[in-house]
Amino acid sequence: MNKKTLLLIVGFVIFWNSGFVGAEFGLPYANIYTQLFWRYLGLTLLLLVYLNLRGHFKWVTWEQARPHLLVGVLAHGVWLTCSLVAIAEGVPAGIVALIISLQPLATGALSGWVTGEHTSTQQWIGLVIGFLGVGLSVAFRVDLESSTPAWSYFIPLGSVIAITIASLYQRHMELNKSIKRLPSLLSLFYQSLGTMVVLFFPAVVIESLATQWTTEFILTEVWLILAVSLLAYAFMWKLIERMSATKVASLFYLGPPVTMFMAWLMFGDQVFISDILGLIVIVNGLLITEVNIKKQLAKLKKSE
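Per the UniProt record's numbering, residue 1 is the first one in the sequence shown, and the count goes up by one each step.
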């Protein structure tokens, strides 16, 4: 793994997981659909202006735009909406994180079928160890006395399905040379545009776009637009260009412990020993998934 890829991984993990903390900041001022609509309206306009100033913007045909619109609706709209709706319905954030952590396993199971990149036995071992690490982090945070309705616990599965389909389809486009690719930022523009259009209807019909335009809300939206919807997603698509979908998906295991650490910094939430132990297990699982052990052993034999 080269230095640039490692920096992309670190940037993705930090910016992506800051989104959950940012959403918690913003919810007192705007409900879920409205908050997400303003976020993607802002991102769409920002990308439109930037691409025009650089002379890189162009309207493409429906045939070219359609896959990017679909990826955007799934990876941005459905993924975020299901996660936030589940939390709003009373599902503990730790449980949401645990359910969403099924995504790397789902990606590993489907990757060979969709992209032709089969998940090796070593990678499966790493994925299972990573999932166990997430379970360890979350286990001590489960509220067994919660009155949350049982059906609410199935909502995060929508996030799992959406981000799995989106990441596999994006990887399929990268590998299939017959599909005409768009430059990264132009692709992100169409992803954002599709997400904004889909979110507009529930934001208006269900929530009437009710918003408290406080300084805190504006700053939160700016962070979510620039750091999460722009940088985190751009890093993720760049990683998918360089790595298999299974390897990129395995990075989602870092979500629960990193988010819990951020919540400790921002809100003073308690950090348990289980969080630290879980993180250690997850990192070991990721190393098994990412590192080519056979290649490393061969190198060692050569050096001897």
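Even glycine gets a Cβ: it sits at the ideal position worked out from N, Cα and C.
None of the values given here were measured: they were computed from a predicted structure.
Per DSSP, the continuous alpha helix (DSSP H) segment holding Tyr169 begins and ends at Pro156 to Leu175. With fewer than 16 other beta carbons inside 10 angstroms of its own, Trp59 counts as exposed.
Leaving aside the five residues that flank Val160 on each side, the residues in its chain whose CB is nearer than 8 Å to its CB run, in chain order, Ile99, Ile100, Leu102, Gln103 and Ala106. In terms of Cβ geometry, Val91 and Tyr153 form a close pair [threshold 7 Å]. When beta bridges are read from the DSSP output, Thr211 appears opposite Ala30. In the structure shown, Val71 adopts helical secondary structure according to DSSP, grouped into three states. Between Ser244 and Glu117, the CB-CB gap stays under 7 Å.
Its chain contains Gly26 as the residues whose beta carbon lies nearer than 6 Å to that of Gln35, once the 5 sequence neighbours on both sides are disregarded; these appear in chain order.
Phe201 counts as exposed, since fewer than 16 other C-beta atoms from the protein chains shown sit within 10 angstroms of its C-beta.
About 6 Å separates the beta carbon of Met173 from that of Pro67, a gap short enough to meet the 8 Å contact definition.
In this structure, Thr81 keeps its C-beta atom at 7 Å or more from the C-beta atom of Met196.
Cβ contact annotation for Gly77 (same chain, cutoff 7 Å, sequence separation greater than five): Thr195, Val198 and Leu199, in chain order. Between Phe15 and Ala227, the gap from beta carbon to beta carbon is short of 7 Å. Counting along the chain, Arg181 sits inside no alpha helix (DSSP H), nor does DSSP assign it H or E at all. As the crow flies, the alpha-carbon of Gly126 is around 11 Å from that of Gly108. In the displayed model, Ser83 falls within a helix according to three-state DSSP. Short of 6 Å from the beta carbon of Glu207, and not among the five residues preceding or following it, lie these beta carbons of its own chain, in chain order: Asn31, Tyr33 and Thr34. The beta-carbon separation of Val85 and Pro256, rounded to 19 Å, does not stay under the 8 Å limit for a contact.
In the displayed model, Gln191 falls within a helix according to three-state DSSP. Leu102 carries a coil assignment under DSSP once its states are collapsed to helix, strand and coil. For Arg242, the enclosing alpha helix (DSSP H) begins and ends at Tyr233 to Arg242. A residue is called buried once 16 or more other Cβ atoms fall within 10 Å of its Cβ, and Gln212, having fewer, is exposed.
Judged by DSSP in its simplified three-state form, Ser120 adopts coil rather than helix or strand. Taking C-alpha positions only, Ile225 is separated from Gly42 by approximately 7 Å. Apart from the 5 residues on each side of it in sequence, Val13 sits with its Cβ closer than 7 Å to the Cβ of Leu251, Leu254 and Val258 in its chain, given in chain order. DSSP, read as helix, strand or coil, puts Ile280 in helix.
Within the same chain, and ignoring the five residues on either side of Gln64 in sequence, the residues whose Cβ sits closer than 8 Å to its Cβ are Lys180 and Leu182. Counting along the chain, Ala249 sits inside the alpha helix (DSSP H) bounded by residues Ala245 to Ser250.
Cβ neighbours of Ser111 within its own chain (closer than 6 Å, five residues either side excluded): Glu117, Thr119, Ala245 and Thr246. Short of 8 Å from the beta carbon of Trp124, and not among the five residues preceding or following it, lie these beta carbons of its own chain, in chain order: Gly108.
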